[in-house]
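Engineer: As given, the protein sequences belong to chains A and B, one line each in that order. In terms of my numbering, the first sequence opens at residue 1 and continues consecutively. In terms of my numbering, the second sequence opens at residue 200 and continues consecutively. Using N, Cα and C, we set each Cβ at its ideal position, and we do this for glycine too.
There are 2 protein chains.
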Amino acid sequence: MVTTRNTREDIVAAAGRMFADKGYHGTSMRDLGGELGLLGSSLYSHIDSKEDLLVEVVDEGARLFLDASDRAMTGDGGAEQKLRALIAGHVDVVLDHLDVVRTYLNEARMLDESHRARVVSARDEYESRFRDVISQGVEEGVFRSDVDAKITSIFILSILNAIERWYRPDGGLDRTSLVEAIDRVATSGIQKPASRVPR
Amino acid sequence: MVTTRNTREDIVAAAGRMFADKGYHGTSMRDLGGELGLLGSSLYSHIDSKEDLLVEVVDEGARLFLDASDRAMTGDGGAEQKLRALIAGHVDVVLDHLDVVRTYLNEARMLDESHRARVVSARDEYESRFRDVISQGVEEGVFRSDVDAKITSIFILSILNAIERWYRPDGGLDRTSLVEAIDRVATSGIQKPASRVPR
DNA sequence: TCTTGACAAACGAACGTTCGTTTGTGGTAT
DNA sequence: ATACCACAAACGAACGTTCGTTTGTCAAGA
Numbered sequence: 001m002v003t004t005r006n007t008r009e010d011i012v013a014a015a016g017r018m019f020a021d022k023g024y025h026g027t028s029m030r031d032l033g034g035e036l037g038l039l040g041s042s043l044y045s046h047i048d049s050k051e052d053l054l055v056e057v058v059d060e061g062a063r064l065f066l067d068a069s070d071r072a073m074t075g076d077g078g079a080e081q082k083l084r085a086l087i088a089g090h091v092d093v094v095l096d097h098l099d100v101v102r103t104y105l106n107e108a109r110m111l112d113e114s115h116r117a118r119v120v121s122a123r124d125e126y127e128s129r130f131r132d133v134i135s136q137g138v139e140e141g142v143f144r145s146d147v148d149a150k151i152t153s154i155f156i157l158s159i160l161n162a163i164e165r166w167y168r169p170d171g172g173l174d175r176t177s178l179v180e181a182i183d184r185v186a187t188s189g190i191q192k193p194a195s196r197v198p199r
Numbered sequence: 200m201v202t203t204r205n206t207r208e209d210i211v212a213a214a215g216r217m218f219a220d221k222g223y224h225g226t227s228m229r230d231l232g233g234e235l236g237l238l239g240s241s242l243y244s245h246i247d248s249k250e251d252l253l254v255e256v257v258d259e260g261a262r263l264f265l266d267a268s269d270r271a272m273t274g275d276g277g278a279e280q281k282l283r284a285l286i287a288g289h290v291d292v293v294l295d296h297l298d299v300v301r302t303y304l305n306e307a308r309m310l311d312e313s314h315r316a317r318v319v320s321a322r323d324e325y326e327s328r329f330r331d332v333i334s335q336g337v338e339e340g341v342f343r344s345d346v347d348a349k350i351t352s353i354f355i356l357s358i359l360n361a362i363e364r365w366y367r368p369d370g371g372l373d374r375t376s377l378v379e380a381i382d383r384v385a386t387s388g389i390q391k392p393a394s395r396v397p398r
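1) Hey, isoleucine 210 of chain B and leucine 238 of chain B: beta-carbon distance below 9 Å or not?
2) Could you check whether the Cβ of arginine 374 of chain B sits closer than 9 Å to any Cβ belonging to chain A?
3) By the criterion of Cβ-Cβ separation under 7 Å, what are the contact partners of histidine 25 of chain A in chain B?
4) Whose CA, out of A:Pro169, A:Lys150 and A:Asp124, lies closest to the CA of leucine 372 of chain B?
5) Checking contacts by CB at 9 Å: is leucine 356 of chain B closer than that to chain A?
6) Closest to valine 179 of chain A by C-alpha separation, out of A:Asp48, A:Arg131, A:Glu140 and A:Ala88, would be which residue?
7) Candidates A:Ser188, A:Leu157 and A:Glu107: which alpha carbon is nearest arginine 144 of chain A's?
8) At least one CB of chain B closer than 9 Å to the CB of alanine 181 of chain A: is that the case?
9) Tell me which residues share the same chain as glutamate 127 of chain A and place their Cβ nearer than 7 Å to its Cβ, disregarding the 5 neighbours each side in the sequence.
10) Name the residue from A:Asp92, A:Glu113 and A:Glu107 whose alpha carbon lies nearest to the alpha carbon of valine 57 of chain A.
11) Note down, in chain order, each residue of its chain lying with its Cβ closer than 7 Å to the Cβ of arginine 116 of chain A, except the 5 sequence neighbours on either side.
12) How big is the Cα-Cα spacing for valine 254 of chain B and arginine 71 of chain A?
13) Assuming threonine 206 of chain B and methionine 217 of chain B make a contact with CB atoms under 8 Å, what is their CB distance in whole Å?
14) What residue range does the alpha helix (DSSP H) around glycine 78 of chain A cover?
15) Going by CA-CA distance only, name the one from B:Ala278, B:Phe354, B:Arg374 and B:Arg301 that's closest to valine 384 of chain B.
16) When the Cα of leucine 32 of chain A is compared with those of A:Asn161, A:Ala15, A:Tyr24 and A:Thr74, which residue comes out closest?
17) Going by the beta-carbon positions, is the gap between asparagine 161 of chain A and leucine 86 of chain A smaller than 9 Å?
18) To which residues of the same chain is valine 133 of chain A closer than 7 Å at the C-beta, ignoring the five residues directly before and after it?
19) Only counting the same chain, and skipping five residues up and downstream in sequence, which positions put a Cβ closer than 6 Å to that of arginine 328 of chain B?
20) If you draw a straight line from the alpha carbon of alanine 380 of chain B to that of histidine 245 of chain B, how long is it in whole angstroms?
21) Taking the CB atoms as reference points, tell me whether leucine 263 of chain B and histidine 296 of chain B lie closer together than 9 Å.
22) Please identify, using Cβ separations under 9 Å, the residues of the segment 307 to 321 of chain B that lie next to chain A, in order along the chain.
23) Can you give me the C-alpha to C-alpha distance between aspartate 112 of chain A and leucine 265 of chain B, rounded to a whole angstrom?
24) Taking C-beta to C-beta, are arginine 374 of chain B and valine 292 of chain B nearer than 9 Å?
25) Considering only DSSP beta bridges, list what phenylalanine 264 of chain B is partnered with.
26) Mind checking if aspartate 291 of chain B is an interface residue toward chain A, Cβ cutoff 9 Å exclusive?
27) Is the Cβ of alanine 284 of chain B closer than 9 Å to any Cβ of chain A?
28) Cutting at 7 Å between CB atoms, please list the residues of its own chain near valine 138 of chain A, excluding the five before and the five after it.
29) Are there 16 or more other CB atoms within 10 angstroms of the CB of serine 446 of chain B, so buried, or fewer, so exposed?
30) How big is the Cα-Cα spacing for aspartate 183 of chain A and arginine 123 of chain A?
31) Taking methionine 73 of chain A and lysine 50 of chain A to be in contact with their CB atoms under 8 Å, please state how far apart those CB atoms are, rounded to whole angstroms.
32) Taking the alpha-carbon of alanine 13 of chain A as reference, which of A:Tyr167, A:Arg102, A:Arg165 and A:Ser41 has the nearest alpha-carbon?
33) Using beta-carbon positions only, say whether glutamate 324 of chain B and valine 299 of chain B come within less than 9 Å of one another.
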């Protein structure tokens, strides 16, 4: 037989893919087995329950974002560079782990109370890094003093988390341009500055 | 007996509520009946199928947004005012019809192909109104000429559509301030304009 | 030989839905 | 006013199917 055996990680990866596409409750164990060329029951040689799969995928999503933000915060630049690094790191996670991210963002709420609580606190921790960098920028004087760090961090994360809903890798917009576009709208908005010294 | 009877609209409303909370596939007809003090089977005195309920809720969501944008576009202001009206109208729809909106945004993809296609085209139409207003603003010269209307409209809608994920009516942020905050970050960003006469 | 991964059958529970029946209510004829 | 009827709403049992999961078996690698 030439078929390679499936590992536990194959199953988790396929679960991430299917949960992202059809949702947790919209994916049956038989669906998932079929994706791997197995019967649904055969999955139980590798895992204990369907919910374990969701926990595993969602935890991975949380970890990816936190790790990326760790890396972004280690730079020695000011708030502007740090914010841009956070944005770039987030975009990288979304584009490099699209299925995990989609499951993390959309299906985590299907977890039972205790697991969901862990995810929520990880998400809060992640969001606080954006908030802190924005606060820092306000203190440094590079961001306007009337900027509300909390709500602004929510807005930036809203843009970042929506990427999975519309971005297509073959859509003619590479990730550098995407980061650039997000960074520009976040920092400068769209309004033309009042002209001050024309010529 | 004092209990009032349930109408079809009660059922659709409850369906919107439950689909928003637990997802379409996460809500059983017995769950839904229980929400109304009925057996699951009793729902079929009013409806033909579970999917019909989803279609009805999602269609309502699409209609709410399109109607709001119709109203916003009738003003005679410039692009800046129109964009702000679009934002304010969107926020009103989200906050006044939270369950319908959550189902519209998160569960429409569970519809079968033909129904989903209708929703996608309604969403495209709605998005194009944001895009057109932004293009108009660029032509008018009130928005910077390097603004990409397509991607910018996506970003603004990302912020607007994420509201359902975090906003709490009792959270100390009223809707006027919310609209104001979105409008400001969209038009002005967060960066402090370069000062020209330092010191 | 021992472990692993997959099979295939089977489990009980839950699913969406159907069906025949009961119940309550409002209008009409008495 | 009372009796009647038509109808809509809800019941409750049951349908066939699918769900997540358990179990016992067996072939193949280590």
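Structural biologist: Taking the structure as given:
1) Reading the second sequence from its first residue, position 11 is the one you call residue 210 of chain B. Reading the second sequence from its first residue, position 39 is the one you call residue 238 of chain B. In this structure, leucine 238 of chain B does not lie closer than 9 Å to isoleucine 210 of chain B by Cβ.
2) The residue given as residue 374 of chain B occupies position 175 in the second sequence. Judged by the 9 Å Cβ criterion, arginine 374 of chain B is not in contact with chain A.
3) If you number the first sequence from 1, residue 25 of chain A lands on position 25. Gly222, His224 and Gly225, listed in chain order.
4) Reading the second sequence from its first residue, position 173 is the one you call residue 372 of chain B. That would be A:Lys150, whose Cα lies nearest to the Cα of leucine 372 of chain B.
5) Within the second sequence, numbered from 1, the residue matching residue 356 of chain B stands at position 157. Leucine 356 of chain B counts as touching chain A.
6) As a first step, residue 179 of chain A is located in the first sequence; it is residue number 179 there, counting from the start. Comparing Cα positions, the closest option is A:Ala88.
7) For the purposes of this step, residue 144 of chain A is taken as the residue at position 144 of the first sequence. Taking only the C-alpha atoms, the option nearest arginine 144 of chain A is A:Ser188.
8) Taking the first residue of the first sequence as position 1, residue 181 of chain A is located at position 181. Closer than 9 Å to some Cβ of chain B, the Cβ of alanine 181 of chain A qualifies, so yes.
9) Indexing the first sequence from 1 puts residue 127 of chain A at position 127. Counting only Cβ-Cβ distances below 7 Å, and skipping sequence neighbours, we find Ser153 and Leu157.
10) Stepping through the first sequence from its first residue, residue 57 of chain A is reached at position 57. Looking at the Cα atoms, A:Glu107 is the closest of the given residues.
11) As a working note, residue 116 of chain A is residue 116 in the first sequence. Contacts found: Ala108 and Arg109.
12) Reading the second sequence from its first residue, position 55 is the one you call residue 254 of chain B. Reading the first sequence from its first residue, position 71 is the one you call residue 71 of chain A. In a straight line, the C-alpha of valine 254 of chain B is about 44 Å away from that of arginine 71 of chain A.
13) Taking the second sequence and counting its residues from 1, the one referred to as residue 206 of chain B is at position 7. Taking the second sequence and counting its residues from 1, the one referred to as residue 217 of chain B is at position 18. So it is not a contact: roughly 17 Å between Cβ atoms.
14) Counted from its first residue, the first sequence places residue 78 of chain A at position 78. It is not in any alpha helix (DSSP H) - glycine 78 of chain A carries neither H nor E in the DSSP assignment.
15) Working through the second sequence from its first residue, we reach residue 384 of chain B at position 185. Nearest C-alpha to valine 384 of chain B: B:Phe354.
16) Residue numbering aside, residue 32 of chain A sits at position 32 when the first sequence is read from its first letter. The shortest Cα separation from leucine 32 of chain A among A:Asn161, A:Ala15, A:Tyr24 and A:Thr74 belongs to A:Ala15.
17) Numbered from 1 along the first sequence, position 161 holds the residue referred to as residue 161 of chain A. Numbered from 1 along the first sequence, position 86 holds the residue referred to as residue 86 of chain A. No. Outside cutoff.
18) Sequence index remark: in the first sequence, residue 133 of chain A carries index 133 (1-based). Closer than 7 Å at the Cβ level, and outside the excluded window around valine 133 of chain A, lie Ala79, Lys82, Leu83 and Leu86.
19) Indexing the second sequence from 1 puts residue 328 of chain B at position 129. Closer than 6 Å at Cβ, skipping near neighbours: Ser268.
20) As a working note, residue 380 of chain B is residue 181 in the second sequence. As a working note, residue 245 of chain B is residue 46 in the second sequence. One C-alpha to the other measures close to 43 Å.
21) Within the second sequence, numbered from 1, the residue matching residue 263 of chain B stands at position 64. Within the second sequence, numbered from 1, the residue matching residue 296 of chain B stands at position 97. Contact: yes.
22) Arg308 and Met309
23) Counting from one through the first sequence, the residue named residue 112 of chain A turns up at place 112. Counting from one through the second sequence, the residue named residue 265 of chain B turns up at place 66. Approximately 36 Å between the Cα atoms of the pair.
24) Position 175 of the second sequence holds residue 374 of chain B. Position 93 of the second sequence holds residue 292 of chain B. Cβ atoms of arginine 374 of chain B and valine 292 of chain B: not closer than 9 Å.
25) Within the second sequence, numbered from 1, the residue matching residue 264 of chain B stands at position 65. None, per the DSSP bridge assignment.
26) As a first step, residue 291 of chain B must be located in the second sequence, where it is residue number 92. For aspartate 291 of chain B, the answer is no, since every Cβ of chain A falls outside 9 Å of its Cβ.
27) Counted from its first residue, the second sequence places residue 284 of chain B at position 85. Not closer than 9 Å to any Cβ of chain A, the Cβ of alanine 284 of chain B fails to qualify, so no.
28) Position 138 of the first sequence, counted from the first residue, corresponds to residue 138 of chain A. Closer than 7 Å at Cβ, skipping near neighbours: Ser145, Val147 and Ala149.
29) Residue 446 of chain B lies beyond the range of chain B shown here (200 to 398); nothing can be said about it.
30) If you number the first sequence from 1, residue 183 of chain A lands on position 183. If you number the first sequence from 1, residue 123 of chain A lands on position 123. Computed Cα separation, rounded: 21 Å.
31) Reading the first sequence from its first residue, position 73 is the one you call residue 73 of chain A. Reading the first sequence from its first residue, position 50 is the one you call residue 50 of chain A. Going by Cβ atoms, the distance from methionine 73 of chain A to lysine 50 of chain A rounds to 36 Å, so no, they are not a contact pair.
32) Position 13 of the first sequence, counted from the start, is the residue given in the question as residue 13 of chain A. For alanine 13 of chain A, the nearest C-alpha among the options comes from A:Arg102.
33) The sequence position of residue 324 of chain B within the second sequence is 125, counting from 1. The sequence position of residue 299 of chain B within the second sequence is 100, counting from 1. Against a cut-off of 9 Å, the Cβ pair of valine 299 of chain B and glutamate 324 of chain B comes out as no contact.
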